[in-house]
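Residue numbers (this note's numbering): -19 to 240. What follows is a short report on a single structure.
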């Protein structure tokens, strides 16, 4: 395939997924907005008034980066895993992709791009909603880091969602990982608290959680500080992307879980 054909293939997959995302916006955008509003009300307004500050900043501003990141990663993961599962079992379009001259990396990019777009869009919406709760006092230290971490985190979880979509044999299998793996990792990754407020043993456990590094890097973009070095956070993020790309390349090339 030449460059033009590669671009047309990628654009077609992206366009199909983006059209689907906006067509069912009530399912793709609205739930995260409602959930975030509840988080802002309960953890920000109600509990925040009692907690006061966290690491020298108002508690509401402290939790905003974590809540935005939570919306990004859950939506990126859900979009890619469901889209791939739908293509595999319902539309059966995955068979056409496998027999086409499209290279494996392009197939991965096509599915992942939809998850990235949805994750970043939902994150932007949640960020806008947060302004209604923080006023115009929302701290933004480095907009470039915020955008970089939003995109890279969406890539990480879109890639992870693709692995889930490849192995899933039913809709229940699609929902198991977000419920029993993704949600605990997110809540225990420092969305609502600083690691310094935990006992020493709990801090060591938190260091094993990859979501902790993503949230802290994202928080650095807003507040200008985090619980851990921004370079460490970035290194973990890049390593996760490299590992997940390798896994997906292997799965697509071998057809493991795809060929019936």
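Using N, Cα and C, we set each Cβ at its ideal position, and we do this for glycine too.
Just to confirm before moving on: does the CB-CB distance between residue 103 and residue 59 stay below 7 Å? With respect to the 7 Å criterion, residue 103 and residue 59 are not classified as neighbours on the basis of their beta carbons.
Under a three-way DSSP split, which group does residue 83 fall into? coil
Would you tell me roughly how many angstroms separate the C-alpha atoms of residue 230 and residue 87, rounded to the nearest one? 12 Å
Closer than 7 Å, CB to CB, is residue 62 near chain B or not? Looking for chain B here will not work: only one protein chain is present.
Collapsed DSSP secondary structure at residue 40 in the structure displayed: If DSSP states are grouped into helix, strand and coil, residue 40 belongs with the helices.
Would residue 175 and residue 163 qualify as a contact pair, given that the criterion is a beta-carbon distance under 7 Å? no
With a cut-off of 8 Å, do at least 3 Cβ pairs link the segment 44 to 64 to the segment 110 to 126? yes
Between the CA atoms of residue 41 and residue 111 - distance to the nearest angstrom: 10 Å
Helix, strand or coil: how does DSSP classify residue 50 here? Three-state result, residue 50: helix.
Which class does residue -19 belong to by DSSP, given the choice of helix, strand or coil? coil
CB-CB length for residue 67 against residue 73, believed under 8 Å: With a Cβ gap of about 5 Å, residue 67 and residue 73 count as contacting.
Do you know offhand how far residue 227's Cα is from residue -6's? 22 Å
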